[in-house]
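Whatever position you read off the sequence shown (first residue = 1), add 378 for the working numbering. The structure appears below as structure tokens.
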Amino acid sequence: MKGIKILCVGKIKEKYFTEGILYYVRQIRKQYPMEILECSDEPTPDKASEAEENLIKTIEGKRLLQKIQPEDYVIALSIDGKHYDTITWRERMKKRSRETQGFLVFVIGGSLGLSREVEQRADEKLSFSAMTFPHQMMRLILCQQLAGLEG
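So this is what it looks like as structure tokens:
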């Protein structure tokens, strides 16, 4: 694999999330090339219709898809994704890192989630919990788990 990318919708606004993420990114970079790429999020009007929400997800999804290459292995973080315990997930990711030609790309959607197009491009969907977490917190949790991978 060429390295790890985390693609995200939106920016981190809270300093405590930023500091935690930077801590784990430094740990990850000791083992793998790694970068976080942010795409701007679309404003969501109060009481947006389902059609408006789908349009917003589609726009955000196009921004995410532009940053993915054909040889990348894409893992979409989704509440309906597959659950793993830490040891099993870690072993899968180490194996995947040996088999992937491009980047191992993790995609975190915005407050509305991911577009259908992004989910269709994903090679797999991953869920860390049946609960919903803010996307800023998911970035921190993902970085913490990635920091535990050994090259």
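Note that CB positions come from ideal geometry on N, CA and C, so glycine has one too.
Item: List the whole-angstrom C-beta distance separating Ile384 from Ile486, where the pair is believed to meet the contact cut-off of C-beta under 8 Å.; Value: 7 Å
Item: Given Val387, which residues of its chain have a CB within under 6 Å of its CB, disregarding the five upstream and five downstream residues?; Value: Cys417, Asp419, Glu438, Gly487 and Gly488
Item: I need the DSSP call for Leu518, collapsed to helix, strand or coil.; Value: helix
Item: As a quick exercise: from Thr466, Lys472 and Thr436, pick the residue whose alpha carbon is nearest that of Tyr451.; Value: Lys472
Item: Exposed or buried, Glu435, counting other C-beta atoms within 10 Å across all chains shown (16 or more means buried)?; Value: A small correction: the amino acid at residue 435 is Lys; Glu does not occupy that position in the sequence shown. When all chains shown are included, Lys435 counts as buried.
Item: Could you round the C-beta distance between Ile399 and Ile390 to whole angstroms and report it? I think they count as a contact, below 8 Å.; Value: 7 Å
Item: Please list, in chain order, all residues of the same chain as Leu415 whose beta carbon is under 8 Å from its beta carbon, the five residues on each side excluded.; Value: Lys383, Ile384, Leu385, Cys386 and Lys445
Item: Check Lys393 in the structure and name its three-state DSSP category.; Value: helix
Item: Near Ser505, which residues of its chain fall below 8 Å by C-beta distance, leaving aside the five closest residues on each side in sequence?; Value: Leu455, Ser456, Ile457, Asp458, Gly459, Lys460 and His461
Item: Distance check for Phe511 and Tyr394, CA to CA, integer angstroms please.; Value: 16 Å
Item: Measure the C-alpha to C-alpha separation of Gly491 and Gln523 and round it to an integer number of angstroms.; Value: 21 Å
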